[in-house]
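Chemist:
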Amino acid sequence: MNGPTFDDIRAARKRLEGLVAVTPCPHSETLSRLTGARVFVKLENLQMTGSFKERGAANMLLQLSPEEQRRGVVAASAGNHGLAVAHHADRLGMTAVIVMPEWAPLTKVTAARHHGAQVLLHGDNYDAAYARAREIEAERRLVFVHPFDDPRVIAGQGTIGLELVEQVPDLEAVVVPVGGGGLIGGVALALEQLKPDVRVIGVQSEEMPGMKAALAAGARVTVPAAATIADGIGVRRVGEHTLSLAQQYVDEVVTVSEEEIANAILLLLEIEKTVAEGAGAVPLAALVNRRVDVTGRTTALVLGGGNIDVNVVSRIIERGLVKDGRLVRLMVMLRDRPGALARLTALVAEARANVLDITHDRTFSRARLGETAVELTLETSGREQIEAIKRRLHEAGYAVEEVVPR
0 MNGPTFDDIR AARKRLEGLV AVTPCPHSET LSRLTGARVF VKLENLQMTG SFKERGAANM
60 LLQLSPEEQR RGVVAASAGN HGLAVAHHAD RLGMTAVIVM PEWAPLTKVT AARHHGAQVL
120 LHGDNYDAAY ARAREIEAER RLVFVHPFDD PRVIAGQGTI GLELVEQVPD LEAVVVPVGG
180 GGLIGGVALA LEQLKPDVRV IGVQSEEMPG MKAALAAGAR VTVPAAATIA DGIGVRRVGE
240 HTLSLAQQYV DEVVTVSEEE IANAILLLLE IEKTVAEGAG AVPLAALVNR RVDVTGRTTA
300 LVLGGGNIDV NVVSRIIERG LVKDGRLVRL MVMLRDRPGA LARLTALVAE ARANVLDITH
360 DRTFSRARLG ETAVELTLET SGREQIEAIK RRLHEAGYAV EEVVPR
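This is the structure in structure tokens:
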């Protein structure tokens with residue numbers, strides 16, 4: 000199958016009218032001040048199923064023949080693609096089988112079933128789910144809906160590029176999450192035709208940098224499997240079509256850490272009052288941590304999705320608070336005698352930090368006989384206050400160690 004063309008993207012837009020939302024792309028004054036760029040945020044988390052994946056899935060399903068639609072479809076997904084396929088297959092009256100890894104977030108599994116799909120959990124990674132989906136394709140004669148490496152899917156994702164040019168006419172840069180590369184490939188192809196001077200920048204988790212590694216090698220490579228907050232872009236091997244598009248039209252692909260992603264989720268919650276999953280927050284993480292230089296440029300961040308499991312939101316927020324210097328844990332060695340803890344907490348109170356939790360350990364810590372190890376979890380205003388607290392405690396004669404999360 001030949002790769003997608005710009006005409007395919009324009010046809011996809013017409014095909015998707017009334018089925019997929021034209022999501023807003025508001026300007027963020029606060030993020031602009033924070034990053035030094037003129038920032039707009041493309042809110043793909045406002046799609047019906049919570050991510051941009053609807054565009055590609057719907058565009059492909061709408062092009063199936065009546066006979067293919069009667070047979071039904073199968074897809075492999077870590078979550079969002081499966082939701083999109085399930086939703087639009089249901090709207091079109093088609094049966095759908097979605098194969099997800101066993102660790103897939105419960106919210107996405109439940110939502111796919113809600114849309115009428117048969118959800119099968121198989122394997123401990125996307126590759127295993129993909130292999131099982133291809134087996135089911137052959138066994139049941141279903142049509143396989145690839146999550147990224149199908150020209151019809153790529154063309155659907157590329158409709159975002161058309162909308163960006165209309166919503167941000169003076170666009171100079173766009174920052175896009177990258178997993179398998181369908182989104183950035185489609186957006187880059189559209190922008191190459193409409194505004195070729197726009198810089199197209201991709202962002203991946205440093206835990207699974209499949210596209211970055213492929214671009215460096217000049218060929219598709221398979222990166223090791225790893226856990227990441229950005230599970231929606233946790234793809235080990237990019238596609239043939241998507242790599243070709245990236246090689247031609249993408250200016251740069253950068254990576255961000257897990258802590259940086261968590262902090263970006265927190266910033267979007269606090270500043271934009273919007274919920275982003277890890278994969279959706281990586282563009283902001285790249286800007287905030289200066290992985291890309293777009294200072295002074297009109298820049299659109301594609302917030303790819305907002306399907307975050309509520310059971311991990313609190314943990315992600317806490318990691319973001321740690322990264323931002325607003326949550327810290329200090330281990331302090333105390334003399335094990337009455338009043339010692341009161342004196343310690345008084346010093347912390349003088350530094351205007353809020354004590355969230357205190358634990359003692361006389362047995363399993365490095366404390367000597369007559370000492371106790373105390374761990375203080377503190378709410379702080381930033382790194383400057385943390386350093387001030389540590390200085391104050393050192394000056395008072397305490398041995399202090401900051402506990403750094405792994």
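Take the sequence shown: its position 288, counted from the start at 1, is 287 in my numbering, and no numbers get skipped. Built from N, CA and C at the ideal position, the CB exists for glycine as well.
#1: Ile135 lies in the alpha helix (DSSP H); which residues open and close that run?
#2: Is it buried or exposed for Ala11, if we count other Cβ within 10 angstroms and need 16 for buried?
#3: Note down the Cα distance separating Leu320 from Leu30, rounded to an integer number of angstroms.
#4: Start and end of the beta strand (DSSP E) containing Gln46?
#5: What are the complete alpha helix (DSSP H) segments, minimum 4 residues, inside the segment 202-235?
#6: Can you confirm whether the segment 28-46 touches the segment 293-304 when touching is taken to mean that 3 or more C-beta pairs between the two stretches lie within less than 8 Å?
#7: Could you name the residues that DSSP lists as bridge partners for Pro176?
#8: How many Å lie between Lys52 and Glu370 at the Cα?
#9: Tell me the rounded alpha-carbon separation between Gly305 and Gly279.
#10: With 16 other CB atoms within 10 Å as the buried threshold, where does Glu276 fall?
#11: Within 10 angstroms of its Cβ, does Glu394 collect 16 or more other Cβ (buried), or is it exposed?
#12: Could you tell me which of Gly2, Thr227, Ala245, Val21 sits nearest to Gly180, measuring between CA atoms?
#13: How many Å lie between His240 and Arg54 at the Cα?
#14: Helix, strand or coil for Gly396 per DSSP?
#15: Quick one: residues in its chain with C-beta nearer than 6 Å to the C-beta of His26, no 5 flanking neighbours on either side, listed in chain order?
#16: What does DSSP give as the partner residue(s) for Gln247 in the beta ladder?
#17: Could you give the distance in angstroms between the alpha-carbon of Pro146 and the alpha-carbon of Glu378?
#18: Helix, strand or coil for Ser256, going by three-state DSSP, please let me know.
Modeler: Considering the structure as presented:
#1: Run containing Ile135: 125-139, per the alpha helix (DSSP H) assignment.
#2: Per the 10 Å Cβ criterion, buried.
#3: CA-to-CA, the gap between Leu320 and Leu30 works out to about 17 Å.
#4: Following the DSSP letters along the chain, one finds Gln46 in no beta strand (DSSP E), marked with neither H nor E.
#5: Within the segment 202-235, the complete alpha helix (DSSP H) runs of at least 4 residues fall at 209-216.
#6: In short, these stretches touch, since the Cβ pair count reaches three.
#7: Val202.
#8: Roughly 57 Å between the two C-alpha positions.
#9: Their backbone Cα atoms lie some 7 Å apart in a straight line.
#10: With 16 or more Cβ atoms within 10 Å of its Cβ, Glu276 is classed as buried.
#11: The residue in question, Glu394, is exposed, as its Cβ has fewer than 16 Cβ neighbours within 10 Å.
#12: It is Ala245.
#13: Distance from the CA of His240 to the CA of Arg54, rounded to the nearest whole angstrom, comes to 17 Å.
#14: In the three-state scheme derived from DSSP, where H, G and I count as helix and E and B as strand, Gly396 is classed as coil.
#15: Cβ within range, chain order: Phe39.
#16: BP columns for Gln247 are empty, so no partner.
#17: Their backbone Cα atoms lie some 42 Å apart in a straight line.
#18: Look at Ser256 here: in three-state DSSP terms it is coil, with no helix or strand label.
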